[in-house]
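Student:
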């Protein structure tokens with residue numbers, strides 16, 4: 109990457125910082141997907157938020173229990189990690205890397 113391309117990239121990043129809605133452009137969906145896979149939160153544009161709200165409202169279904177009771181979960185608690193262990197920077201980085209690899213595998217459709 110030469111100096112001109114690097115300057116253009118820096119300029120684009122500054123534009124994204126100033127106006128995150130730029131990433132809503134369908135031509136930049138590959139870049140937005142990359143950022144989201146790397147766990148960066150990409151702000152949604154107003155249009156996207158309105159469309160999502162409309163979709164959410166249409167998915168609502170009234171559930172009538174008709175006097176039935178939902179039984180509580182009586183399963184024993186699942187085994188968790190050691191609560192006395194403090195999370196180090198190395199552990200956090202390793203966890204984020206593993207998470208990223210898992211997301212890449214899922215995005216490739218390998219669900220096994």
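Residue numbers (my numbering): 109 to 220.
Every residue, glycine too, gets a C-beta built ideally from N, C-alpha and C.
These numbers come from a predicted model, not from an experiment.
#1: Can you tell me whether residue 219 is helix, strand or coil according to DSSP?
#2: Indicate whether the contact test is met: 3 or more Cβ pairs, each with one atom in the stretch 208-215 and one in the stretch 135-149, closer than 8 Å.
#3: Roughly how many angstroms lie between the CA atoms of residue 180 and residue 191, to the nearest whole one?
#4: Report the rounded CA-to-CA distance for residue 194 versus residue 183, giving the unit in angstroms.
Tutor: Considering the structure as presented:
#1: Taking the chain shown and counting its residues from 1, one reaches residue 219 at position 111. In the structure shown, residue 219 sits in coil (DSSP, three-state: anything other than H, G, I, E or B).
#2: The stretch 208-215, when compared against the stretch 135-149, does touch it at the 8 Å Cβ threshold.
#3: Start at 1 with the first residue of the chain shown, and residue 180 comes out as number 72. Start at 1 with the first residue of the chain shown, and residue 191 comes out as number 83. Their backbone Cα atoms lie some 26 Å apart in a straight line.
#4: Along the chain shown, read from residue 1 onward, the residue named residue 194 stands at position 86. Along the chain shown, read from residue 1 onward, the residue named residue 183 stands at position 75. In a straight line, the C-alpha of residue 194 is about 28 Å away from that of residue 183.
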